[in-house]
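Taking it in order: structure first as structure tokens, then the write-up.
Protein chains in written order, with the working numbering: chain A, 38 to 306; chain B, 51 to 174; chain C, 217 to 384; chain D, 15 to 535; chain E, 6 to 99; chain F, 146 to 275; chain G, 472 to 555.
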């Protein structure tokens, strides 16, 4: 054991002690009391509140309501962080492409068949999570990552060529990602644009009618609440996530030969 | 009445599941090598997971205090059990094959190995 | 027409799963599920089904259900009993071996059904498949025989009968 | 909420991200590099116009608010823009605009749409950090900013060094932003809110109750100390102050030159801004964490001083132009931190003015040296090639004079303000450090200046050298801006008043900052 | 005592019993001499945990949480085939 | 009873802190970049867990319920009952955001480490000064 | 009891997660370290479940048990398995 390791260990122990001190002396507030924080009570009160619609998201699911409506801005940028990571990966491996026919056989036929059978089921389960994001636990990202399971399972069980054969090239995956993201942008400014065109007033990310603005998204579809932008956000987010995460995984799965071909070129200064 | 029947059937299945789990865990500890442990793990996956999932589905239908949403639980439990049945066998097969091919786990003790002649031949 | 029957089969497969999974009969959920299942079915039909479907497939579906119940109750019970006995006995009484088990179904699904059934019954586990020679290599915890045909008799006869009926 | 809020106040970062999405999508269709250059510059210019408009509104009407989704602040996310935010936002966008024009000359490679996507998200991240009024939203924007900057450091993936620098930058960056996240959780747990103004209110008045978030929940004193301790790690990291300074001389040289300029001009600014917000708006004078805060400020003094000396001494040793500029930035950031931790309005004003001067001057150095780097290489001894490029040479000279602090350039006035702030608070050692640092770094600057006299024979064959008009325009613009601000500060009493009031506003004006909390209907 | 109380009591006992087998699985995960052993134990742990979660959602009276079980079952399978692919193939993507 | 629960929950929180310390030790002290990466993922997970525990509560009836209404409320009483039983949704929403951000950063980091290995032939940082 | 049992389970899971983290950091074989981190993630998922956060479980399981081990395994395959 080196001296530096011991020093790091000691300083980490000190950090742990400090943070424990913070907890034990109530820096985080009481743990597990009967009363929630007042802000949380406000959120729970307004998440589905037909009697006070100017503060409400009209979604029975409080977490999704906070994620996509009350704090929609956070989530908008969070999606863009994922987007930046994907673009960064593409920039790292720019020029790389899946080459077909380089000794790929995947796993055994039993695994392939089982995965094949289950993949559509996982996809539809993910879609259901995205559809019901505002009614039950789940949402856009959950649904999208559920669907990504199916894609990664296929990529591993068959091989990455599988996507190439199914005409899901890297560019198309990026296109799917961008379509989803642009749909998010459109939904988030839809009411604002509408209000500007009609000469009224609306907020960015507006969902239900607000104090100064009467415009609103649909809050009910057939026999269940729709929660306006929440549903559309969930839908577009799941599309975006499935495109983006699959693209990222496929990029990381690129073979040695494919990677070797692109690096060491001459793009600097 | 029918509720009680369903609920007790569900509870029984869950109890079977607990027992199978226990056996599977002991088997995983006791059995000598990876390939024999595979069988104990199968007990854990089918008897210990699929059966109690079905039990949970039955119990949920019969257990009134859960309210209307209990059918969601039943549906999810049933679908999960089916998916688990399809996937657990594929998973153990994939692991066994990989362990055998990569020689990642010792094969002993074994009385007869029909695959030995095929070993090293990766023409497939 | 053939394409349509295939599409409908896959669609029903996905949509049935969706309905079971959500377990809700609201119009909202059913409508959206219908759209999603139709889309997914359109995407995955050529990938899932290669052969033509005929009228006998309804019968084979009934067989599948029958098989499921029989399998879950009888076969699993027998196999579990054996392995539980082995695990709980004081001295581990095992005779592990990898034996060849031939099979005769032609389709991938039938083969997967047999292999899955073998693996899912404790005591036997498919280690490898030889598709050319139609052989499973099965790891058997208490091998009573190493003869391929006898092993087939003991391990996979029931599964194969049903697999032949279900997937041809 | 009697008056309607102006959507332009909140749209800038959102718009930039949307444009970035569009850029990536268009990149699949359009192969022309020219299109993306124009596209990026036009959009950056639009955002520059928006930020100028916001600045104008802030000066005219006071603090600007925007409630996203129409939710009043503790319930939703609000943008709160006062003098400080607006000024720094204008600074960030103008440097980004310059860098955008410069990139059009510099980035002459295939697939530039990836570069411009990351460029736009970088600007979005920094603007979001500056404008946001929400403690957690700041974290998200910090990640947008950091991830784009890691990607841009690694953009020249063909050089092993840039990958290594990006890895070091990313690891430390992730840890520092995780600490910030932890502090955000502590803020929520203890103050029961995430809106900055709400925290500021409750840190001063424990019995305050607001409409949606009620009163405080936990032991606020410990929580504030913890927040300060955890977040200070992030500020020192972003601002490249002593224990966390090493990423700057690592990452900056490996990034593309326009991005290096952004690093020293914009990203450091976020650290400075965050520190000011934390120490004067949340936990300012009269707040609960007074004692711990004053300790931390003292520590910041020491850390700033150490950074100054690290900067000036290591600067003398550098052979690499980009590293030279990076260390010079570290020394100036040390000075800025010393000024802002004086706990006086003058100190903050001085820090802000010095940030402006430093950002423009260091960026100008990068823009000018960039031509030499393309032509010959990164060695400091081959700057003589700039004798062919008169504009760049002028840029270097002006920037150096500014950094040394020669009147009547802006650098002189900012150093003078720092000097005065030190004197007024009775910290004589600060004056000594300021003078010493200026003297020592002047040696380095003059060394660099002399190297421009040496003629250079070998010049690379590079298509970019044939037409350096865009680079010249950038440098000229930057020089004009630098001189103009200096002249403005010298000649216009209202500009001087504006700068002097920023510090006062930050310290005393927190009341205006959270006044809206009670005005919500 | 209503029948539902009896059900709840039995469930509590069964849930507590589950923990024993989990502990044994974890012993194998920590001890397992080879990698397939560990994965196998993790595998069984995951499937059982999925069943456990389903039962727990009855116990905690919130049926909507049950979806997590499907997610867990799927991902444990995914972990299986990742490791299998790692051991078997020259490239994970091949 | 309730004090025992509080004690256990506090211990759980301290266990997260211990995990933070251990994983940070792994990030700083271990030379291998892959090990650093694994430790980093554990670190960010532990930071997130912290928040979930903050949102936990007790209810008069015993265990709280999730922050989801089974069906839209019909009256104000429904809403009141929901508020008195549900856990705090805010930390969950924050953690959701943080998890996704962590995933994004980690994916990018893996790409970087891959290229690092391509150039230096090793993932150790002791060879190269770091 | 109805209140205590889940909390006790969460407590046990937290203890196991400490052990798993320690082993993951100490282990020289990266593949095994990945498995330990998967174990730790599973424990965390159980804790989240017991703390009534199904949304987080649904996002955490795919990310931490699914995608992160995958990319770690890819990374190990592409680089080196044993720490020096």
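By construction, the Cβ of each residue, glycine as well, lies at the ideal position given by its N, Cα and C atoms.
Exposed unless 16 or more other CB atoms sit within 10 angstroms - verdict on residue i
i: residue 107(E); result: Coverage of chain E is limited to positions 6 through 99, which leaves residue 107(E) absent and any answer about it impossible.
i: residue 438(D); result: exposed
i: residue 172(B); result: Residue placement at residue 172(B) cannot be trusted, given a pLDDT of 46 that sits under 50; what the coordinates show is reported in the next sentence. Exposed: under 16 other Cβ atoms inside 10 Å.
i: residue 476(G); result: buried
i: residue 174(B); result: The predicted model places residue 174(B) with a pLDDT of 41, which falls under 50 and marks its position as unreliable; any figure quoted below should be read in that light. The residue in question, residue 174(B), is exposed, as its Cβ has fewer than 16 Cβ neighbours within 10 Å.
i: residue 70(D); result: exposed
i: residue 42(A); result: exposed
i: residue 141(B); result: buried
i: residue 379(C); result: buried
i: residue 289(C); result: exposed
i: residue 338(C); result: buried
i: residue 64(E); result: buried
i: residue 14(E); result: exposed
CB contact flag (residue i, residue j, <7 Å)
i: residue 264(A); j: residue 96(A); result: yes
i: residue 184(F); j: residue 168(F); result: yes
i: residue 72(E); j: residue 126(B); result: yes
i: residue 227(F); j: residue 191(F); result: no
i: residue 518(D); j: residue 359(D); result: yes
i: residue 287(D); j: residue 102(D); result: yes
i: residue 67(E); j: residue 72(B); result: no
i: residue 345(C); j: residue 93(B); result: no
i: residue 243(F); j: residue 156(D); result: no
i: residue 179(D); j: residue 268(D); result: yes
Endpoints, the beta strand (DSSP E) within which residue i is located
i: residue 356(C); result: 351-356
i: residue 316(C); result: 313-318
i: residue 340(C); result: 340-346
First and last residue of the uninterrupted alpha helix (DSSP H) at residue i
i: residue 312(D); result: 304-331
i: residue 520(D); result: 507-522
i: residue 105(A); result: Counting along the chain, residue 105(A) falls outside any alpha helix (DSSP H), and DSSP gives it neither H nor E.
i: residue 249(F); result: 234-265
i: residue 208(A); result: 207-235
i: residue 480(G); result: 475-497
i: residue 89(B); result: 84-92
i: residue 80(E); result: 72-93
i: residue 155(B); result: Taken as a continuous stretch (DSSP letters only), residue 155(B) belongs to no alpha helix (DSSP H), as it is neither H nor E.
i: residue 326(C); result: 324-336
Residues that DSSP places opposite residue i in a beta bridge
i: residue 228(D); result: 224(D)
i: residue 98(A); result: 213(F)
i: residue 94(D); result: 79(D)
i: residue 258(A); result: 261(A)
i: residue 207(F); result: 204(F)
i: residue 341(D); result: BP columns for residue 341(D) are empty, so no partner.
Discussion item. Tell me which residues of the region 166-179 of chain D have at least one Cβ-Cβ distance to chain A shorter than 9 Å, keeping chain order.
Written reply: Those residues of the region 166-179 of chain D placed with their C-beta closer than 9 Å to a C-beta in chain A are 166, 168, 169, 170, 171, 172, 173, 176 and 177, ordered along the chain.
Worksheet item: Looking at chain E, which residues of the region 65-77 of chain B have a Cβ within less than 7 Å of any of its Cβ atoms?
Response: Listed by position along the chain: 65, 67, 68, 71, 72, 74, 75 and 76.
Item to complete: For the region 317-331 of chain C, enumerate the residues whose C-beta is nearer than 8 Å to any C-beta of chain A, in chain order.
Response: 324, 325, 327, 328 and 331
Discussion item. Taking beta-carbon pairs under 9 Å, can you tell me which members of the region 176-199 of chain F lie near chain G?
Written reply: 176, 177, 178, 179, 180, 182, 183, 184, 186, 187, 190, 191, 193, 194, 197 and 198
Worksheet item: Of all the residues that make up the region 207-230 of chain F, which are near chain E by a beta-carbon distance shorter than 8 Å?
Response: 208, 210, 211, 213 and 215
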